[in-house]
Structure formats: C-alpha cells, structure tokens
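Note that the sequence shown covers residues 1 to 510 in the UniProt record's numbering.
By construction, the Cβ of each residue, glycine as well, lies at the ideal position given by its N, Cα and C atoms.
I have placed the structure first, in the form of structure tokens, so that the comments after it can refer back to it.
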Amino acid sequence: MKDILAQLESRRETARQGGGKRRTDAQHAKGKLTARERIDLLLDEGSFEEFDMFVTHRCTDFGMEADRPAGDGVVTGWGTVNGRMVYVFSQDFTVMGGSVSETHAAKICKIMDMAIQNGAPVIGINDSGGARIQEGVASLAAYGEVFQRNILASGVVPQISLIMGPCAGGAVYSPAMTDFIFMVKDSSYMFVTGPDVVKTVTNEVVTAEELGGASTHTRKSSVADAAFENDVEALAETRRLIDFLPLNNREKAPVRPFFDDPARVEPSLDTLVPENPNQPYDMKELITKLADEGDFFEIQRDFAANIITGFIRLEGQSVGVVANQPTVLAGCLDIDASRKAARFVRFCDAFEIPILTLVDVPGFLPGTGQEYGGVIKHGAKLLFAYGEATVPKVTVLTRKTYGGAYVVMSSKHLRGDFNYAWPTAEVAVMGAKGAVEILYRSELGDKEKIAARVKDYEDRFANPFVAAEKGFIDEVIMPHSTRRRVCRAFASLRTKKLANPWKKHDNIPL
Ligand code: HXC
1 MKDILAQLES RRETARQGGG KRRTDAQHAK GKLTARERID LLLDEGSFEE FDMFVTHRCT
61 DFGMEADRPA GDGVVTGWGT VNGRMVYVFS QDFTVMGGSV SETHAAKICK IMDMAIQNGA
121 PVIGINDSGG ARIQEGVASL AAYGEVFQRN ILASGVVPQI SLIMGPCAGG AVYSPAMTDF
181 IFMVKDSSYM FVTGPDVVKT VTNEVVTAEE LGGASTHTRK SSVADAAFEN DVEALAETRR
241 LIDFLPLNNR EKAPVRPFFD DPARVEPSLD TLVPENPNQP YDMKELITKL ADEGDFFEIQ
301 RDFAANIITG FIRLEGQSVG VVANQPTVLA GCLDIDASRK AARFVRFCDA FEIPILTLVD
361 VPGFLPGTGQ EYGGVIKHGA KLLFAYGEAT VPKVTVLTRK TYGGAYVVMS SKHLRGDFNY
421 AWPTAEVAVM GAKGAVEILY RSELGDKEKI AARVKDYEDR FANPFVAAEK GFIDEVIMPH
481 STRRRVCRAF ASLRTKKLAN PWKKHDNIPL
C-alpha cells in the first residue's frame with residue numbers, strides 16, 4: 001500500500017511540475033505566475049480541489065504520442081473565495097504554450113457544466129497560444145464546445161475572465177462572452193488577428209501591445225473592464241469583485257458585515273453641486289460618500305468616463321451604481337457611455353443586484369460622429385436595459401436632466417421605484433437658453449427681452465418641483481441625508497417582485 005500511495009504522490013508531483021523548471025523559469029522571467037500559483041492566490045488557502053489532473057491528449061500526429069504531459073496544459077477544479085464556491089480553470093503556458101487540445105477543452109467544459117448545474121461562478125485564467133496546431137479541426141471543435149457553454153452560462157452564473165498572457169484568434173471569443181474581463185498590463189494581449197497578419201493585409205505596423213494590450217482594451221475598445229499592474233493585483237481584485245456578486249441567478253448577493261451607519265449624515269454634500277450651473281463637480285465624491293465605508297469597485301474606469309459604473313454596498317448589500325460624470329463631456333450620454341452603462345445595467349438585472357442611478361445629464365452628445373455611429377440604436381440600449389430591469393431601482397437627480405436623457409436615466413416612466421431629487425435639480429426638455437431661442441426666435445434681437453424670457457423660463461423650470469408636482473419625482477431630499485434616504489429606499493424594496501411578460505427573449509437593439 002505504501003508503494004501505491006508513493007506512486008500516486010509521485011504522479012501528482014510530476015503533474016504539478018507542468019512544463020518543467022526551464023519553462024517555469026521563463027514564465028517567471030516574463031513577470032508571470034504559473035497556472036497553479038495563480039490559483040493559489042485566487043482561492044482561499046487550501047480550498048482548491050482539482051479535477052482531471054491526469055488527463056492527457058490523444059493526438060498521435062506529428063510524433064505527439066511521445067509527449068503526453070499530465071493535465072494537458074490546463075489546471076481545473078473548484079475552491080472558495082472568502083468561503084464561497086467558485087469553479088476555476090487556469091491555462092498552463094509551460095505545457096505546449098497552454099494550447100487548447102480536444103482534452104484540454106473537455107476539462108474546461110467539465111467544470112463549466114458543473115458550475116451551471118451547481119450554481120457557482122466560473123473564473124477562467126487565460127494564458128494560451130490558442131488552438132493546438134497539431135490537432136487541427138479537433139481543436140477548433142473543442143473551442144466551439146467551450147463557446148456554447150459560455151453562452152448557456154451567461155446570465156446563470158457570473159463568468160469572469162483573467163487575461164494573463166496571449167489570447168489570440170478565435171480564442172478571444174470565449175472571454176468576450178463572459179461578464180467581466182480583467183487584463184494584466186504589459187504581459188497580456190487579445191486580438192483576432194495579430195500584428196503580422198495586420199501588416200500583410202492592411203500595411204499597418206503595430207506592436208502586440210498597441211494592437212491588443214491592456215491599455216488598448218480598457219481605453220479604446222472597451223473589450224476589457226480593468227487593467228492591473230501584475231498577476232497578483234489582478235487576482236486580488238478578482239476576489240474583491242466576487243465578494244459583490246451572487247453565486248448564481250437564483251441567489252442574492254452576499255450581505256457583508258458593515259460598520260457604517262446607514263443614517264450617516266454628510267453635510268459636505270449640501271455644497272457638492274456648485275452654484276454656477278456650468279461648473280463641473282466630481283460625481284465619484286457622491287458615490288464614495290454614499291457607499292458603506294466608501295468602498296467602490298469601479299467597472300470600465302478608463303472607458304467612456306462620462307458615465308461611471310461599479311459596485312458599492314449599502315447596509316452590507318451589493319448595489320450597482322450608474323452615474324453621469326459632470327467632469328467629462330459635462331456628463332452627457334454618447335454611444336460609448338450608453339453601451340457601457342446598458343451592459344452594466346443588464347448584468348445587475350440578470351443577477352438581481354439593485355441599481356442606484358445618480359443623474360446629472362445635459363442630454364445626448366450632438367454631432368455627425370454620433371449620428372453616423374448609430375447613437376439612436378446605442379442610446380436605445382440603455383433605455384431598453386433600464387426599462388426591462390425588474391430589480392429595485394433608486395434614482396437620485398442631483399442637478400439637471402434634459403430631454404430624452406431624462407427618460408433614459410432610470411426615470412419614473414421606466415418603472416423607477418424611488419426617484420429622488422436634490423433641491424438643485426432641474427427637469428426640462430432643454431436648458432433655458434436653448435428653449436428661449438426656439439420659443440422666442442422673433443425677439444432674439446432684443447437682448448433685454450431675451451434675458452427676461454430666460455429668467456422666466458428658469459424660474460418656472462429650473463427646479464425639481466414641476467416634476468415633483470406631477471409625481472415624476474417622489475420626493476425632493478436634502479443632499480446631506482441622501483445615504484439615509486437611499487438605504488431606506490433599498491431596504492423597503494427587498495421584497496420587490498416584478499416580472500416582465502413571457503417571451504422567448506427580447507430583441508434589444510444590438
Ligand atoms: C501547439 C504551441 C502553440 C499552439 C505555442 N505552442 N502555441 N503548441 N499549438 N497553438 C508551444 C510552442 O511550440 C512552444 O513549445 C511553447 O508552446 C511556447 O511557445 P513559444 O513560441 O516558445 O513562446 P513565445 O515566444 O512566448 O510565443 C507565444 C506565442 C507563439 C506568441 C503564443 O507561441 C505563437 O505564435 N503560437 C502560435 C499561435 C497561433 O497561431 N495559434 C493558433 C491561433 S488560431 P516548446 O516545446 O518549445 O516549449 C486559434 C483559433 C481558435 O487559436 C479558434 C477558435 C474557434
């Protein structure tokens with residue numbers, strides 16, 4: 001028996017070595033951790049339970065039968081993050097470049113099937129040279145099996161992708177279909193076709209980092225949701241994100257202990273909005289002052305910064321925040337902001353995370369660039385996302401909300417549950433100057449008359465009371481008591497039940 005146990009231990013040890021010391025050293029020299037080191041940092045200590053450690057590929061072409069490393073280039077299994085179950089796969093670049101064979105993909109599919117069945121998130125750590133070249137179409141088919149599971153798991157369990165090395169060609173489409181993508185600066189990249197192909201086809205000369213590095217995907221393409229300095233930071237932040245999320249679409253997000261008074265008064269909020277309506281202020285200040293212990297996990301910080309998305313907790317409960325940012329493009333909505341916020345709202349709704357919307361929006365960004373780019377369709381995404389969401393929705397209007405953007409930003413008319421306004425708020429079809437120029441065009445030569453008209457318009461509409469008289473604003477609240485009001489609102493909505501009419505699925509404008 002002793003020999004048998006020793007044999008098992010020795011087999012395990014061989015599997016744990018992955019591609020051996022030389023390749024592990026090369027991995028470390030690139031500033032990257034190994035597949036197992038990453039899992040160790042991601043999961044609670046000692047919680048990892050591995051599957052399929054001894055799986056090997058079955059390829060016999062190109063002399064492959066001589067080289068059949070245990071595990072076949074991916075480490076899979078489950079473990080816990082702060083005591084809550086997650087499934088994980090971590091591609092091992094030291095074994096044939098982490099390339100995806102039929103058996104490698106089957107291991108990933110096995111844990112994805114279990115995650116869907118048992119209701120726990122899937123975290124995929126990508127570090128791979130793509131389809132295993134020696135296996136040809138079998139490898140492509142295997143990718144297809146993974147893609148199909150990404151699709152079936154979407155909206156059922158949270159899926160998070162960490163890109164920690166190469167991820168190229170069709171392989172990008174697995175992470176692309178997951179809920180969040182995190183990248184590591186300077187050591188990861190994603191692209192459909194690499195720099196060489198780009199040069200051949202379009203004559204553009206571009207580096208891998210420029211084409212598909214973390215900065216490109218968090219700032220330009222919005223493919224990725226955050227970029228981190230190194231593997232360690234990315235893994236730690238993934239643990240932080242998981243803490244905000246439910247394990248699946250039938251459970252609520254976890255309630256964390258909190259040490260922050262829900263009735264905390266913030267006198268500084270009374271002066272957050274400047275007197276001059278054209279002067280910006282930082283909406284993030286409001287978010288962190290509302291949040292339990294000021295903790296805010298931002299999603300897509302570096303893309304479409306005119307809208308802010310991310311998670312906070314109120315009374316220990318996860319809340320998704322969407323907020324216009326007056327410091328960038330005056331907080332107006334455009335194509336990018338609409339897409340960014342719509343996807344976030346839909347994630348929250350799919351996983352029963354209530355939504356807090358903070359509004360200060362002058363409208364949609366004008367211009368041919370926006371119209372030719374289809375702002376009509378993209379803006380409709382956000383409108384649609386808010387309108388279909390059945391989770392608790394609380395809205396606070398801090399300053400202005402004009403035109404179509406008023407309806408879009410979680411208004412009463414899109415089944416907003418609580419719509420609060422600060423006394424500084426104004427709800428109107430447009431700003432006073434624009435309105436007067438249209439209504440009193442014939443008087444435009446008379447500056448005094450026009451000034452009086454503007455004043456008149458402001459007196460009538462530059463306040464929240466016209467909307468409040470109609471019940472479109474439920475209550476005008478003191479800025480300093482916003483945390484208390486919002487916490488109470490969400491507390492009253494914990495039993496909310498609302499369902500949309502039966503349908504196979506909707507047809508959101510894509
Ligand atoms: C088999 C592969 C491999 C692959 C790398 N390796 N990619 N083996 N299939 N796709 C092996 C190498 O032979 C090498 O083995 C080891 O992994 C490390 O690779 P290196 O080239 O030495 O590493 P590096 O210099 O860091 O370059 C990494 C790389 C490069 C940029 C990823 O390996 C590369 O270009 N690989 C091919 C990428 C590719 O074209 N893949 C197919 C994409 S199409 P040894 O034994 O020396 O350690 C695709 C389609 C998916 O993926 C379709 C889904 C529908």
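Which of helix, strand or coil DSSP assigns to residue i
i	result
Val265	coil
Gly136	coil
Cys167	strand
Gln159	strand
Thr309	strand
Ala120	coil
Gln91	strand
Lys497	coil
Glu49	strand
Asn324	strand
Glu426	strand
Met183	strand
Glu210	helix
Met478	coil
Gly42	For the record, residue 42 in the displayed sequence is Leu; it is not Gly. Residue state, collapsed to three classes: helix.
Glu13	helix
Val319	strand
Tyr440	coil
Lys503	coil
Ile151	helix
Tyr189	strand
Phe228	strand
Ser285	Note that residue 285 corresponds to Glu in the displayed sequence, not to Ser. In the structure shown, Glu285 sits in a helix (DSSP, three-state: H, G or I).
Leu247	coil
Ala291	coil
Ile111	helix
Residue nearest to residue i in terms of C-alpha spacing, selected from the options
i	options	result
Arg68	Asn118, Ala15 and Glu45	Ala15
residue 512	Tyr143, Ser222 and Asp3	The first residue shown for the chain is 1 and the last is 510, placing residue 512 beyond what the model contains.
Ala70	Met64, Thr56, Phe259 and Met85	Thr56
Arg194	Met177, Ala171 and Val184	Note on identity: in this sequence residue 194 is Gly, with Arg being the wrong assignment. Among Met177, Ala171 and Val184, the Cα nearest to that of Gly194 is on Ala171.
Asp243	Asp334, Val375 and Asn82	Asn82
Met283	Ile160, Val396, Val255 and Phe303	Val396
Thr238	Met183, Glu135 and Lys199	Met183
Glu458	Arg58, Lys340, Lys400 and Asn419	Lys400
Phe54	Met85, Leu8, Trp78 and Pro246	Leu8
Nearest-angstrom Cβ-Cβ length linking residue i and residue j, presumed shorter than 8 Å
i	j	result
Val394	Phe490	6 Å
Thr309	Phe259	Between Phe259 and Thr309 the Cβ distance is about 26 Å, and since that is not below 8 Å, they are no contact.
Glu352	Lys252	6 Å
Arg485	Ile477	5 Å
Leu329	Asn306	4 Å
Val86	Thr80	7 Å
Pro354	Pro326	Actually they are not in contact, since the Cβ atoms of Pro354 and Pro326 sit about 24 Å apart, beyond 8 Å.
Pair within 7 Å by beta-carbon distance, residue i and residue j
i	j	result
Ala323	Asp349	no
Ala142	Ala105	yes
Ile508	Phe384	yes
Lys185	Ala224	no
Gly46	Gly73	no
Val206	Ser174	no
Val408	Leu382	yes
Met164	Ser188	yes
Every unbroken beta strand (DSSP E) inside the region 60-104 [3 residues or more]: 74-81 and 84-91
I'd like the ranges of any alpha helix (DSSP H) spanning at least 4 consecutive residues and lying wholly in the region 345-427. 368-372, 375-388 and 403-408
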